[in-house]
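*Asks:* This is the structure I have questions about; it appears just below.
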Amino acid sequence: MNDTMLVRAEDVTKTFETGKLEVRALRGITLDIAAGEFLALVGPSGSGKTTLLNLIGALDRPTSGKLTVLGRDLAGMGKSERAQLRLTSLGFVFQAYNLVPVLTARENVEFVLELQGMASRERRDRSGAVLDELGLGELRNRRPREMSGGQQQRVAVARAVAARPKLVLADEPTANLDTENAQMLMGMMRRLRDDQGMTFLFSTHDHRVVDHATRVVTLRDGTVASDERPGVAAYRGAPPL
Amino acid sequence: MSLSVSSRFALRSLLRHLRRTLLSVVGVGVGAAIGLITIAWISGEEGMIVRAAAHSGTGHLRIVPTGWADLRDPGQRLADWERDLRAARALEGIVVATPRARTEALLGFGTRIASVELTGVDPRTERRALRFVRNIAEGRYLTPTGTGEVVVGRTLAERLDAMLEDELVVTVVGRDGEMNSNILRIVGIVETGSREIDAQVCQVRMETVEELTGLSGAGEVTILIDDYRRIEEARSRLATGIAAGDVIMSWDEVAPELLAGLQVDQSFADVTVVLVLFVVLLGVASAQLSGVLERRKELAVLAALGMRGTQMVRVVVAEALALGVSGTVLALAIATPVIHWLATSGVDLRDMAGDVDLAMSGVLIDPIFYADFGAWIVPYAIVLSMTATIVASIYPAWFATRTDPASALRVA
Numbered sequence: 006m007n008d009t010m011l012v013r014a015e016d017v018t019k020t021f022e023t024g025k026l027e028v029r030a031l032r033g034i035t036l037d038i039a040a041g042e043f044l045a046l047v048g049p050s051g052s053g054k055t056t057l058l059n060l061i062g063a064l065d066r067p068t069s070g071k072l073t074v075l076g077r078d079l080a081g082m083g084k085s086e087r088a089q090l091r092l093t094s095l096g097f098v099f100q101a102y103n104l105v106p107v108l109t110a111r112e113n114v115e116f117v118l119e120l121q122g123m124a125s126r127e128r129r130d131r132s133g134a135v136l137d138e139l140g141l142g143e144l145r146n147r148r149p150r151e152m153s154g155g156q157q158q159r160v161a162v163a164r165a166v167a168a169r170p171k172l173v174l175a176d177e178p179t180a181n182l183d184t185e186n187a188q189m190l191m192g193m194m195r196r197l198r199d200d201q202g203m204t205f206l207f208s209t210h211d212h213r214v215v216d217h218a219t220r221v222v223t224l225r226d227g228t229v230a231s232d233e234r235p236g237v238a239a240y241r242g243a244p245p246l
Numbered sequence: 018m019s020l021s022v023s024s025r026f027a028l029r030s031l032l033r034h035l036r037r038t039l040l041s042v043v044g045v046g047v048g049a050a051i052g053l054i055t056i057a058w059i060s061g062e063e064g065m066i067v068r069a070a071a072h073s074g075t076g077h078l079r080i081v082p083t084g085w086a087d088l089r090d091p092g093q094r095l096a097d098w099e100r101d102l103r104a105a106r107a108l109e110g111i112v113v114a115t116p117r118a119r120t121e122a123l124l125g126f127g128t129r130i131a132s133v134e135l136t137g138v139d140p141r142t143e144r145r146a147l148r149f150v151r152n153i154a155e156g157r158y159l160t161p162t163g164t165g166e167v168v169v170g171r172t173l174a175e176r177l178d179a180m181l182e183d184e185l186v187v188t189v190v191g192r193d194g195e196m197n198s199n200i201l202r203i204v205g206i207v208e209t210g211s212r213e214i215d216a217q218v219c220q221v222r223m224e225t226v227e228e229l230t231g232l233s234g235a236g237e238v239t240i241l242i243d244d245y246r247r248i249e250e251a252r253s254r255l256a257t258g259i260a261a262g263d264v265i266m267s268w269d270e271v272a273p274e275l276l277a278g279l280q281v282d283q284s285f286a287d288v289t290v291v292l293v294l295f296v297v298l299l300g301v302a303s304a305q306l307s308g309v310l311e312r313r314k315e316l317a318v319l320a321a322l323g324m325r326g327t328q329m330v331r332v333v334v335a336e337a338l339a340l341g342v343s344g345t346v347l348a349l350a351i352a353t354p355v356i357h358w359l360a361t362s363g364v365d366l367r368d369m370a371g372d373v374d375l376a377m378s379g380v381l382i383d384p385i386f387y388a389d390f391g392a393w394i395v396p397y398a399i400v401l402s403m404t405a406t407i408v409a410s411i412y413p414a415w416f417a418t419r420t421d422p423a424s425a426l427r428v429a
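Right, here's the structure in full:
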């Protein structure tokens, strides 16, 4: 395996069983993601985007096939090991922001660092620095309900990157944002990728996200329909999703 | 020092539904307060029963001849009663030590007779050890030098149809089996408030019993100390000073039926406390589980971010601890004045049960019950409240650890 490959999926399948019903969400995905990529995962609803994100994010395990994330085979990892992998090496940004409502912006960022066992002073410094770096210094003592959707999503990005993960997974990060905030968010994440070499993987329907991607992987019916790079021009010419 | 973020998360989560949290705190506080009051009442009852038993003739400790516990024969005598008495009186914390010699006797007056246990006593110390003979309704108590004198209870006097200054014929079986008789003059009639007890009181000087039975010395030395909680300590110190052939018994060994009664009451109290705490525990568990269910999405997000099961358990337990601390404060606020009132004013059982005879197994029970008040209330309040809340948090905590992190990616 190439050392720069953060993710390697080989013929990965995922089947869900609901009573007697069997749903094959992924039907043999083969995909490599290299360090530093800014990859958009696109496709219609039910194509398997979120399922693939769950698997790469070590939130679930594949039914068959081999999935290696940061050099570790997920099939052999227990619940606790996967939690540790998520905590130390992966960052998450959710569609609905999902900040903890009773904590301030700074505390939300600090929480992840505390879970990692970072010392109190160090995590305060780190969370403050990350918020300042992302232009959120003035919001640090505000709680989520005191912030706009765009501000909340930027804090969510700060939370995702504060622990300096190697891979950030974002599920429809701009779905609830207006154009201005969506562009601001994508610009922020692109800068993190350019300046700090972080790798970003998005699932999205939003062309504003796709426009920023360096690679676009399209899923249909649980399989990879296309894999294009540099994806911007190619994607613009593709039929609407 | 500032709180950790997870502690702040736990505490602020409690404030999200203030009314629910307050209700949980009230549940814990009231439940623990009921538990404290029950324990204080039973503990007070224990002190009262021990005091009543000790002052009804049993003593806190009693030196008896070896084998007396099995035979309970009033004819048995101590190996060296004077040595035993000296050792008892040298004891630290001693209130009184008094010798007694008992014998079974028949009292006769005119055409009436009554079978009694005649108790020979030392009049100088007996009244400090036996409360029954403090209430002389007619006449006086025995004197150290008076001969042929007897003090009887009112019921016994009535059975014999005898009055003050009447002369009774007393008959006992001597040490060699011969019948010995003498004349005893009633110098005092006591009324204890219990007709059962008043039928048993029949005291003479110890020398009178010695003369009647031909048995010299005392059959027991009854000891009262200043703190019944130090009975075992006193017993072990006394053990080295008494004569060989004599043994020491505590009040509960002398009167095991009283201990059994106390144990029944204590078991009842334990069951009451456990039931109350169980109901409180269910209420708290329900409230905490609701809190966890409402935050499933949040917990899923935290799990997705890498929060481990043990860290999640810590958050739920921190919430339980906060409820427990608040519950402890409320329990103390409720229970302290109630227990203090019960300990100082007491509850007069006659108000509830009427003017009943409060004698039990030859022990005159105080009609006014007092609760036990002291610093013990604080640690007990902490233990009761914390136990209820921590145990209640086990299931919600376990439930929280079952959160599926993948659900964080689903839009609510």
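Those protein sequence lines, which keep their order, are chains B and F. Here the first sequence is numbered in my numbering, starting from 6 and rising by one per residue. Here the second sequence is numbered in my numbering, starting from 18 and rising by one per residue. We put the CB at the ideal spot given by N, CA and C, even for glycine. Since we're looking at a predicted model, the values are computed, not measured.
Just list the beta strand (DSSP E) runs in the region 170-202 of chain F, keeping only unbroken ones of 3 residues or longer that don't cross its boundaries, in chain order.
*Replies:* Qualifying beta strand (DSSP E) stretches, in chain order: 184-190.
*Asks:* Name the chain B residues that come within less than 7 Å of residue 21(F), Cβ to Cβ?
*Replies:* Correct list: 119.
*Asks:* How is residue 228(B) classed by DSSP in three states: helix, strand or coil?
*Replies:* Three-state DSSP puts residue 228(B) in a strand.
*Asks:* Helix, strand or coil, according to DSSP, for residue 175(B) in the structure here?
*Replies:* Strand.
*Asks:* Among 154(F), 104(F) and 276(F), which residue has its Cα nearest to the Cα of residue 70(F)?
*Replies:* Looking at the Cα atoms, 276(F) is the closest of the given residues.
*Asks:* If you check the beta carbons only, do residue 388(F) and residue 57(F) fall under 8 Å apart?
*Replies:* Contact: yes.
*Asks:* Drop a sphere of 10 angstroms on the beta-carbon of residue 200(F), count the other beta-carbons inside from all chains shown, and report buried for 16 or more, exposed for fewer.
*Replies:* The residue in question, residue 200(F), is exposed, as its Cβ has fewer than 16 Cβ neighbours within 10 Å.
*Asks:* Terminal residues of the continuous beta strand (DSSP E) containing residue 73(B)?
*Replies:* Start and end: 69-74.
*Asks:* Start and end of the alpha helix (DSSP H) containing residue 97(B)?
*Replies:* Not the alpha helix (DSSP H): residue 97(B) falls in the beta strand (DSSP E), residues 95-98.
*Asks:* Can you find a C-beta in chain F that's less than 8 Å from the C-beta of residue 99(B)?
*Replies:* Closer than 8 Å: yes.
*Asks:* Can residue 33(B) and residue 70(B) be called in contact, C-beta distance under 8 Å?
*Replies:* In contact: residue 33(B) and residue 70(B) (Cβ atoms closer than 8 Å).
*Asks:* Select from the region 321-351 of chain F all residues with a C-beta closer than 7 Å to any C-beta belonging to chain B, and list them in chain order.
*Replies:* Against chain B - using a Cβ distance shorter than 7 Å - the residues of the region 321-351 of chain F are 321, 322, 323, 324, 325 and 328.
*Asks:* Leaving out the 5 sequence neighbours to the left and right, which residues in its chain are closer than 6 Å to residue 27(F) when beta-carbon positions are compared?
*Replies:* Counting only Cβ-Cβ distances below 6 Å, and skipping sequence neighbours, we find 332, 335 and 336.
*Asks:* Using DSSP with H/G/I as helix, E/B as strand and the rest coil, what is residue 16(B)?
*Replies:* Of the three classes helix, strand and coil, the one that applies to residue 16(B) here is strand, per DSSP.
*Asks:* Please decide whether residue 413(F) counts as near chain B, where near means a Cβ-Cβ distance under 8 Å.
*Replies:* By this cut-off, residue 413(F) is not an interface position.
*Asks:* Which residues does DSSP list as the beta-bridge partners of residue 205(F)?
*Replies:* Answer by DSSP bridge pairing, in chain order: 156(F) and 168(F).
*Asks:* Does residue 199(B) have its Cβ less than 8 Å from a Cβ in chain F?
*Replies:* Not closer than 8 Å to any Cβ of chain F, the Cβ of residue 199(B) fails to qualify, so no.
*Asks:* Thinking C-alpha only, which one of 136(F), 184(F), 340(F) and 252(F) is nearest residue 2(F)?
*Replies:* The question about residue 2(F) has no answer, for chain F in this structure spans 18 to 429.
*Asks:* Between residue 142(F) and residue 115(F), how many whole angstroms is the CB-CB distance? I'm expecting something under 8 Å.
*Replies:* About 4 Å; that satisfies the 8 Å criterion.
*Asks:* So what does residue 94(F) bridge to, in DSSP terms?
*Replies:* In the DSSP output, where bridge partners are listed per residue, residue 94(F) has none listed.
*Asks:* Drop a sphere of 10 angstroms on the beta-carbon of residue 263(F), count the other beta-carbons inside from all chains shown, and report buried for 16 or more, exposed for fewer.
*Replies:* So residue 263(F) ends up on the buried side.
*Asks:* Using the Cα positions of residue 166(B) and residue 413(F), report the straight-line distance between them to the nearest angstrom.
*Replies:* Approximately 31 Å, taken between the alpha carbons.
*Asks:* Are three or more beta carbon pairs between the region 121-134 of chain B and the region 149-160 of chain B nearer than 8 Å?
*Replies:* Judged by Cβ distances under 8 Å, the region 121-134 of chain B makes no contact with the region 149-160 of chain B, as fewer than three pairs qualify.
*Asks:* By the criterion of Cβ-Cβ separation under 7 Å, what are the contact partners of residue 107(B) in chain F?
*Replies:* Those within 7 Å of residue 107(B) in chain F are 26, 29, 30 and 33.
*Asks:* Enumerate in chain order the residues of its own chain whose CB-to-CB distance from residue 247(F) is below 8 Å, with the five nearest sequence positions on each side excluded.
*Replies:* Here the set comprises 110.
*Asks:* Please return the same chain residues whose Cβ sits closer than 6 Å to the Cβ of residue 72(F), not counting the five positions on each side in sequence.
*Replies:* Once the five neighbours on either side are set aside, the close Cβ partners of residue 72(F) are 148.
*Asks:* Along the chain, which unbroken stretches of the beta strand (DSSP E) at least 3 residues long are found entirely within the region 43-90 of chain F?
*Replies:* Fully enclosed beta strand (DSSP E) runs of 3 or longer: 78-82.
*Asks:* Measure the C-alpha to C-alpha separation of residue 112(F) and residue 243(F) and round it to an integer number of angstroms.
*Replies:* Going from the Cα of residue 112(F) to the Cα of residue 243(F) covers about 6 Å.
*Asks:* Please list the terminal residues of the continuous beta strand (DSSP E) segment that includes residue 248(F).
*Replies:* That residue, residue 248(F), is in no beta strand (DSSP E); its alpha helix (DSSP H) goes 248-256.
*Asks:* Count the C-beta pairs between the region 346-354 of chain F and the region 40-56 of chain F that are closer than 8 Å, then say yes if the count reaches three, no if not.
*Replies:* Yes, the region 346-354 of chain F touches the region 40-56 of chain F.
*Asks:* Can at least three beta-carbon pairs, one atom from the region 85-97 of chain B and one from the region 53-66 of chain B, be found at a separation below 8 Å?
*Replies:* Short answer: they touch.
*Asks:* Classify residue 480(F) as helix, strand or coil using the three-state DSSP reduction.
*Replies:* Outside the displayed range of chain F (18 to 429) lies residue 480(F), so it cannot be described from this structure.
*Asks:* For a quick check, are the C-beta atoms of residue 294(F) and residue 48(F) less than 8 Å apart?
*Replies:* Yes, they are a contact pair.
*Asks:* Could you give the C-beta distance for residue 174(B) and residue 95(B), rounded to a whole number, given that I count them as a contact under 8 Å?
*Replies:* Correct: roughly 6 Å between the Cβ atoms.
*Asks:* Whole angstroms is fine: what's the gap from residue 139(B)'s alpha carbon to residue 44(F)'s?
*Replies:* If you take the alpha carbons of residue 139(B) and residue 44(F), they lie about 47 Å apart.
*Asks:* Going by alpha carbons, who is nearest to residue 217(F) out of 80(F), 202(F) and 174(F)?
*Replies:* That would be 174(F), whose Cα lies nearest to the Cα of residue 217(F).
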